[in-house]
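In my numbering, the protein residues as written are 15 to 677. Below is one structure, written out as structure tokens; comments come after it.
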């Protein structure tokens, strides 16, 4: 899903006589090579010996992909749990995911190199993004804890010498209103640059509150990002970045288990006033010898503030309230260089977590509250070596040594701490069996951090160990038909041990343990084909089979059951036409297989397919586009969420129109 390179003869069209200007277009005859940094060094996409998807900023815009859920739909083997709350997303990659109370994630998200290590704050509106890289499979060797299943890396557009501005306004279903802007300019030519972007969005909900009236789940979001880029010399670059996003939502997308009409009868107010903030300093310097030194210092804060009715009735029998402040400070240094034809990378990483958690639960007979502080710190050394063995064979070796410490300090109860050391290797061998065609095989290990059950006060906050993954992968990728076709395929086998699962220890007492092991096997396939100068088709398929090898809960044996939230099948197919006159049209179909919501495989969300349509016209500096999401108005509720007590409603069809100005 990448931009085109323009080759062949150019031709000129006059777009509308009233504009009084001619626009020159070029015929597109081949797909464009894309440079990525998935291995923390610059490589062409096809030279990375791993399952990697790349989505360009143009594809995001023309595909109306404006959130991570839509991004996952076009990426094989990547989905999200149906959590239903803005600002918190739990990724599912190759059958692996995590619990929201683990405060860790199976996939690491990076925004311009700044890590998000948990589901809280795992969000982005994809405004001002240059490209997105989705790397599947364990990446803990380079990225450490919580990259056990993959990495989502978002690269925003850098301000440059030329002024840039794009303003967009939109309207849509349920009285949706959006206004966004992305702009940059040079403050001091060739030395100092500034960029800003922001978005305001409001939309009415779709869940009727039959007791209080109106909609229960209205949505409002404000976001802003700023960057100051300084290039004191040709060899140095410094970026200071700040971003924040604020949510002023109504209820989560939850309802009663038996309610099918997207209704609640809640008398208890439900709201989400969460907020995320990030500040980072990114310094890059290239020495005369060719060595590159990079430092990324970052602070991430997420405030999870929510009240949610969970009985969905007028009487206040059950509700929950969260007031969390999660803070992570991180520092990474890395040195990159070449030794002959070999490329090498050495790095050091450290972070510190401080999470203040206050959780309140209303029960019919009482109101309970838990106040705890959980945290820890990580230190690691890592390295990678890329060695061309011959003209066609390339070897990649990597290793990481990491120590993780965690602690819990409850308001009532005793403090506890634990620590672990991990050695995480990686090996990949790639063969260019013919020009622009590669085969590879790899072995990699990954892990997800351990911790303490912050809300299991009755059991004195028991701890759990890191989850560990060993993966074997073989793949093929490259070009065909004079670079009109880009393809990739990866077959993998994963062994998951000390698997972190939620276990019912006794009635009313549920917490995370290492009670399971599992196997995950699957196939990721992607293909992109440019039929002629204007037509392009993109397709992907993700097959995954994640099954428990061992998991007993009391008298229940879950061996052979599916891991919760892990579908066996994902797929996407889209066709786009880019006309020489400036207009475009795209239609796409995305499908996800049946997903179970619990380890017993009793509750589920059925498999479903979604149809999305987009069309637009760009002329001079202006643009107009229209989209239809879920054109078939397909229902795909998650029935039996929260241990069988709730239903997560799926959003209905949405139609929208957007107007833009770009210079």
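The C-beta atom is built at its ideal place from N, Cα and C for all residues, glycine as well. Keep in mind the model is a prediction, meaning the values are calculated, not measured.
Residue 600 and residue 567 look like a contact to me (Cβ under 8 Å); what is the Cβ gap, rounded to whole Å? Along the chain shown, one-based indexing puts residue 600 at 586. Along the chain shown, one-based indexing puts residue 567 at 553. The Cβ separation is near 46 Å, so there is no contact.
To which residues of the same chain is residue 239 closer than 6 Å at the C-beta, ignoring the five residues directly before and after it? On the chain shown, residue 239 is found 225 positions in, with the first residue counted as 1. Only 211 and 257 meet the Cβ criterion.
Just to confirm the assignment: which complete alpha helix (DSSP H) runs, minimum length 4, are found wholly within the segment 129 to 165? 154 to 157
Which partner residues does residue 440 have in the DSSP bridge list? The residue labelled residue 440 in the question sits at position 426 within the chain shown. According to DSSP, which records beta bridges pairwise, residue 440 is partnered with 412 and 458.
Any beta carbon of chain C sitting closer than 7 Å to that of residue 640? You won't find chain C in this structure, because it holds only one protein chain.
Output needed for residue 672: all residues of its chain with C-beta closer than 6 Å, excluding positions within five of it in sequence on either side, in chain order. In the chain shown, counting from the first residue as 1, residue 672 sits at position 658. Same-chain partners within the cutoff: 182, 184 and 639.
Check for me: the beta strand (DSSP E) holding residue 309 runs from which residue to which? Here residue 309 refers to the residue found at position 295 when the chain shown is read from its first residue. Taken as a continuous stretch (DSSP letters only), the beta strand (DSSP E) holding residue 309 covers 306 to 323.
What is the DSSP secondary structure of residue 72, reduced to helix, strand or coil? The residue you call residue 72 lines up with position 58 of the chain shown. DSSP places residue 72 in helix when its eight states are reduced to three.
When the Cα atoms are used, what is the spatial distance from residue 76 to residue 592? One-based indexing of the chain shown puts residue 76 at position 62. One-based indexing of the chain shown puts residue 592 at position 578. If I take the Cα positions, the gap works out to 10 Å.
Am I right that residue 165 and residue 122 are in contact with their C-beta atoms under 8 Å? What's the rounded C-beta distance? For the purposes of this step, residue 165 is taken as the residue at position 151 of the chain shown. For the purposes of this step, residue 122 is taken as the residue at position 108 of the chain shown. Contact flag correct, Cβ pair sits at about 5 Å.
Near residue 135, what residues of its chain come up, given a Cβ to Cβ distance below 7 Å and the 5 sequence neighbours on each side ignored? Locating residue 135 in the chain shown gives position 121, counting from the first residue. So the qualifying residues of the chain are 101, 290, 314 and 316.
Going by other Cβ atoms of all chains shown within 10 Å of its Cβ, with 16 needed for buried, is residue 253 buried or exposed? Stepping through the chain shown from its first residue, residue 253 is reached at position 239. It is buried - the Cβ of residue 253 has at least 16 other Cβ atoms within 10 Å.
Ordered along the chain, which non-local residues of its own chain (more than five positions away) have a Cβ less than 8 Å from that of residue 86? Against the chain shown, residue 86 aligns to sequence position 72. Correct list, in chain order: 92, 93, 94 and 105.
Please report the straight-line C-alpha distance between residue 441 and residue 398, rounded to a whole angstrom. Here residue 441 refers to the residue found at position 427 when the chain shown is read from its first residue. Here residue 398 refers to the residue found at position 384 when the chain shown is read from its first residue. Cα to Cα, the separation comes out at about 10 Å.
CA-to-CA distance, residue 374 to residue 339, given in whole angstroms: Residue numbering aside, residue 339 sits at position 325 when the chain shown is read from its first letter. Residue numbering aside, residue 374 sits at position 360 when the chain shown is read from its first letter. Roughly 15 Å between the two C-alpha positions.
Alpha carbon to alpha carbon, how far is residue 416 from residue 395? Give it in angstroms, no decimals. In the chain shown, counting from the first residue as 1, residue 395 sits at position 381. In the chain shown, counting from the first residue as 1, residue 416 sits at position 402. If I take the Cα positions, the gap works out to 7 Å.
When DSSP labels each residue in this structure, what does residue 39 get in the three-state scheme? Locating residue 39 in the chain shown gives position 25, where the first residue counts as 1. Because the pLDDT at residue 39 is just 43, under 50, the model does not fix this residue reliably, and the point stays unresolved.
For residue 590, count the other beta carbons within 10 Å of its own beta carbon; 16 or more makes it buried, fewer makes it exposed. Which is it? As a working note, residue 590 is residue 576 in the chain shown. Residue 590 is classed as buried because its beta carbon has at least 16 other beta carbons within 10 Å across all chains shown.
Under 7 Å between C-beta atoms of residue 147 and residue 48: The residue you call residue 147 lines up with position 133 of the chain shown. The residue you call residue 48 lines up with position 34 of the chain shown. No, the pair does not count as a contact, with Cβ atoms beyond the cut-off.
Quick one: grab the DSSP three-state call for residue 492. Residue numbering aside, residue 492 sits at position 478 when the chain shown is read from its first letter. DSSP places residue 492 in strand when its eight states are reduced to three.
CB-CB under 6 Å to residue 236, same chain, minus the five flanking residues each way: which ones, in chain order? Position 222 of the chain shown, counted from the first residue, corresponds to residue 236. 214 and 260, listed in sequence order.
Rounded Cβ spacing between residue 508 and residue 534 (contact assumed at less than 8 Å): Counting from one through the chain shown, the residue named residue 508 turns up at place 494. Counting from one through the chain shown, the residue named residue 534 turns up at place 520. Contact between residue 508 and residue 534 holds, with the beta-carbon distance rounding to 4 Å and staying under 8 Å.
Bridge partners - residue 233, DSSP secondary structure assignment: For the purposes of this step, residue 233 is taken as residue 219 along the chain shown, with counting starting at 1. BP columns for residue 233 point to 217.
First through last residue of the alpha helix (DSSP H) which encompasses residue 255: Here residue 255 is taken as the residue at index 241 of the chain shown, counted from 1. Residue range 250 to 261 is occupied by the beta strand (DSSP E) that includes residue 255, with no alpha helix (DSSP H) assigned at that position.
What does the alpha-carbon distance come out to for the pair residue 637 and residue 499? Reading the chain shown from its first residue, position 623 is the one you call residue 637. Reading the chain shown from its first residue, position 485 is the one you call residue 499. Taking the straight line from one Cα to the other gives about 29 Å.
What is the residue span of the beta strand (DSSP E) that residue 194 lies within? Position 180 of the chain shown, counting from 1, holds the residue named residue 194. It spans 190 to 202 - the beta strand (DSSP E) in which residue 194 sits, taken as one unbroken run.
Coil, strand or helix - residue 596 by DSSP: By one-based count along the chain shown, residue 596 stands at place 582. Reduced to three states, the DSSP call for residue 596 is coil.
Return the chain-ordered list of same chain residues with a C-beta closer than 6 Å to the C-beta of residue 659, the five sequence neighbours on each side being excluded. Sequence index remark: in the chain shown, residue 659 carries index 645 (1-based). Result list for residue 659: empty, nothing under 6 Å.
Using DSSP bridges, identify the partner residues of residue 286. Residue 286 sits at position 272 when you count from the first residue of the chain shown. According to the DSSP secondary-structure assignment, residue 286 is paired through a beta bridge with 263 and 320.
Distance, residue 250 Cα to residue 207 Cα: For the purposes of this step, residue 207 is taken as residue 193 along the chain shown, with counting starting at 1. For the purposes of this step, residue 250 is taken as residue 236 along the chain shown, with counting starting at 1. If I take the Cα positions, the gap works out to 14 Å.
May I ask which residues mark the beginning and end of the alpha helix (DSSP H) holding residue 83? Within the chain shown, the letter at position 69 stands for residue 83. Where residue 83 is concerned, the enclosing alpha helix (DSSP H) stretches over 82 to 87.
Between the segment 153 to 161 and the segment 195 to 203, can you find at least three pairs of beta-carbon atoms closer than 8 Å? With the cut-off at 8 Å, the segment 195 to 203 and the segment 153 to 161 do not touch.
Cutoff 8 Å; reference residue 608; Cβ partners in own chain excluding five residues on either side: As a first step, residue 608 must be located in the chain shown, where it is residue number 594. The answer, listed in chain order, is 581, 582, 618, 619, 620 and 621.
Near residue 645, what residues of its chain come up, given a Cβ to Cβ distance below 6 Å and the 5 sequence neighbours on each side ignored? Here residue 645 is taken as the residue at index 631 of the chain shown, counted from 1. Within the same chain, residue 645 has close Cβ partners 625 and 627.
Inter-residue spacing [alpha-carbon to alpha-carbon] between residue 573 and residue 551: For the purposes of this step, residue 573 is identified with residue 559 of the chain shown, where counting begins at 1. For the purposes of this step, residue 551 is identified with residue 537 of the chain shown, where counting begins at 1. Cα atoms of residue 573 and residue 551: separation of roughly 40 Å, rounded to the nearest angstrom.
Look at the Cβ atom of residue 194, then the Cβ atom of residue 668, and state whether they are nearer than 7 Å. Here the question's residue 194 lines up with position 180 in the chain shown. Here the question's residue 668 lines up with position 654 in the chain shown. In this structure, residue 668 does not lie closer than 7 Å to residue 194 by Cβ.
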